[in-house]
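K.L.:
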Ligand code: LMR
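Numbering (this note's numbering), first residue to last: 92 to 485.
If you want it as structure tokens, here you go:
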């Protein structure tokens, strides 16, 4: 059975993680995988998380199974965090999943069972695991234009022209905030226009919310999602606590379906729980318990929000500092977009060959499409990265 097997290639982000680990150079700079780093290059456990874990350690008296959909308290707190008052909570079906990727997978599994003929519309570009999972499940997929190569901003006209071709039941996959990989986000007017389009065509929005709080703030980052949820009868969402709670390895995610009414939500919740059962039975509990402990305690919530703000500000400062340094060393405004885009990522605009040279000659690791994780920059590395970029890209 295994004799003729060739292992599937991991996607490019995972390949790059391995290449970075294998690189013996001491001055290498990791701007690849989307993991937050402090100014000394660490990905620490957040203080609010440590405090919640301590509370859990003191009070948890069982590791028995919870529920196929995960803990009801976690689901309720997350629904409030994401949607606030935008929709009646009883229209929201939800299940905990192993991370945001697990949520993307479970949502698409459900779509495959309910509307296997649906086409999933993804932005060009998008996170590589989107097309990978869609392809793996054998669902149809089409791309819509997203970035204007000239301005580095949104290609609004291209996006809306492409999305005008959606059919009833198709899914429009949107990034809630901090678009991965471009850092180019939709304005509220864009969200409204997409809502109108979905109302006209019967297409269903599918929001991937992996970076809530990394852009402008929790409410600001959720504003588009909430606006859309208030407009459309049905919507899907994959949420992640990996980045904003720093719970990467604990795999805390949530799959949500906004349904037309409470009855439909009840049935959909049952479907999500059943799908969990088929794939892994019970979702991981620890990370979700940490999240609900934090969000259920005003003091811990305050601490968490402060820490989240600190991370966000650091990423914004890194953007500004790199844009300024690049302006200084190249003498051009060609990198000013770094300062207007938001969240963890931007595309630097390097060709694949330039990305190779940045890595090979300068130890600067970008994803192959030239995506840069701005959280990986530090005061010390910004001048080095800028010099390398100027040398390689001009
Ligand atoms: C990323 O885009 O780098 C992160 O979301 C990590 C991952 O799983 O790809």
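Think of the CB as a built atom: it goes at the ideal place given N, C-alpha and C, for glycine as much as any other residue.
No experiment lies behind these values; they were computed from the predicted model shown.
With distances taken from CA atoms, which of 323, 320, 300 is nearest residue 312?
P.N.:
Looking at the Cα atoms, 300 is the closest of the given residues.
K.L.:
Can you look up residue 408 in the DSSP assignment and give me helix, strand or coil?
P.N.:
Helix, per DSSP.
K.L.:
Among 420, 335, 345, which one has its Cα closest to the Cα of residue 327?
P.N.:
Answer by Cα proximity: 345.
K.L.:
Using 8 Å as the threshold, is the C-beta distance between residue 395 and residue 139 below it?
P.N.:
For residue 395 and residue 139, yes; Cβs fall inside 8 Å.
K.L.:
Hey, is residue 104 close to the ligand LMR, as in C-beta under 7 Å from one of its heavy atoms?
P.N.:
Yes, since a heavy atom of the ligand LMR falls inside the 7 Å radius drawn around the Cβ of residue 104.
K.L.:
Which of the three DSSP states is assigned to residue 257 in this structure?
P.N.:
Residue state, collapsed to three classes: coil.
K.L.:
Given a threshold of 16 other Cβ atoms within 10 Å of its Cβ, counted over all protein chains shown, does residue 352 qualify as buried or as exposed?
P.N.:
Exposed: under 16 other Cβ atoms inside 10 Å.
K.L.:
Per DSSP, what are the beta-bridge partners of residue 183 in this structure?
P.N.:
According to DSSP, residue 183 bridges with 349.
K.L.:
Looking at residue 371: is its Cβ nearer than 8 Å to the Cβ of residue 189?
P.N.:
Yes, the Cβ-Cβ distance between residue 371 and residue 189 is below 8 Å.
K.L.:
Fully enclosed by the stretch 420–456, which beta strand (DSSP E) runs are 3 residues long or longer?
P.N.:
Taking only runs of at least 3 residues, the beta strand (DSSP E) segments lying wholly in the stretch 420–456 are 436–438.
K.L.:
Spatial neighbours of residue 129 within its chain, please: C-beta separation below 7 Å, excluding the five flanking residues on both sides.
P.N.:
Closer than 7 Å at the Cβ level, and outside the excluded window around residue 129, lie 135.
K.L.:
Would you please state the rounded distance, in angstroms, between the beta carbons of residue 277 and residue 315? I believe it to be under 8 Å.
P.N.:
Going by Cβ atoms, the distance from residue 277 to residue 315 rounds to 6 Å, so yes, they are a contact pair.
K.L.:
Please check the pair residue 429 and residue 273, which I expect to be a contact at CB under 8 Å, by giving their CB distance rounded to whole angstroms.
P.N.:
With a Cβ gap of about 12 Å, residue 429 and residue 273 do not count as contacting.
K.L.:
Let me check you understand the geometry: is the CB of residue 271 closer than 7 Å to at least one non-hydrogen atom of the ligand LMR?
P.N.:
It does: the Cβ of residue 271 is within 7 Å (strictly closer) of some heavy atom of the ligand LMR.
K.L.:
Is there at least one non-hydrogen atom of the ligand LMR closer than 7 Å to the beta-carbon of residue 329?
P.N.:
Because no heavy atom of the ligand LMR lies under 7 Å away, the Cβ of residue 329 does not count as near it: no.
K.L.:
Have a look at residue 386 and residue 178 and give me their C-alpha separation to the nearest angstrom.
P.N.:
So the two alpha carbons sit approximately 20 Å from each other.
K.L.:
Please state the DSSP three-state secondary structure of residue 469.
P.N.:
Note: residue 469 maps to coil in three-state DSSP.
K.L.:
Below 8 Å on the Cβ atoms is my guess for residue 108 versus residue 124; work out the distance and round it to an integer in Å.
P.N.:
Correct: roughly 5 Å between the Cβ atoms.
K.L.:
How many angstroms separate the CA atom of residue 415 from the CA atom of residue 424?
P.N.:
Answer to the nearest angstrom: the Cα atoms are 9 Å apart.
K.L.:
Pick from 417, 263, 180: whose alpha carbon is nearest that of residue 321?
P.N.:
Minimum Cα distance to residue 321 is reached at 180.
K.L.:
Compare the beta carbon distance of residue 356 and residue 158 with 8 Å and say whether it is the shorter of the two.
P.N.:
No, the Cβ-Cβ distance between residue 356 and residue 158 is not below 8 Å.
K.L.:
Which two residues bound the contiguous alpha helix (DSSP H) that contains residue 137?
P.N.:
That residue, residue 137, is in no alpha helix (DSSP H); it is neither H nor E in DSSP.
K.L.:
Taking 7 Å as the cut-off, does the CB of residue 125 come closer than this to any heavy atom belonging to the ligand LMR?
P.N.:
Because some heavy atom of the ligand LMR lies under 7 Å away, the Cβ of residue 125 counts as near it: yes.
K.L.:
Count the other CB atoms, across all protein chains shown, that sit within 10 Å of the CB of residue 218; report buried if there are 16 or more and exposed otherwise.
P.N.:
The residue is buried, with at least 16 neighbouring Cβ atoms inside 10 Å.
K.L.:
Nearest-angstrom Cα distance between residue 427 and residue 242?
P.N.:
Residue 427 and residue 242: Cα-Cα distance of roughly 10 Å.
K.L.:
In terms of residue numbering, what span does the alpha helix (DSSP H) encompassing residue 202 cover?
P.N.:
Counting along the chain, the alpha helix (DSSP H) containing residue 202 begins and ends at 190–205.
K.L.:
Tell me whether residue 218, by its Cβ, gets closer than 7 Å to a heavy atom of the ligand LMR.
P.N.:
Flag set: Cβ of residue 218 near the ligand LMR.
K.L.:
Going by CA-CA distance only, name the one from 399, 94, 448, 363 that's closest to residue 166.
P.N.:
Out of 399, 94, 448, 363, 363 has the C-alpha closest to the C-alpha of residue 166.
K.L.:
According to DSSP, is residue 232 helix, strand or coil?
P.N.:
Strand, per DSSP.
K.L.:
For residue 203 and residue 296, I'd like the C-alpha separation in whole angstroms.
P.N.:
Spanning the two alpha carbons is a distance of roughly 15 Å.
K.L.:
Taking three-plus beta-carbon pairs below 8 Å as touching, is the stretch 445–457 in contact with the stretch 276–293?
P.N.:
No: the two stretches stay apart, fewer than three of their Cβ pairs being nearer than 8 Å.
K.L.:
Which one or two residues does DSSP pair with residue 464 in a beta bridge?
P.N.:
436.
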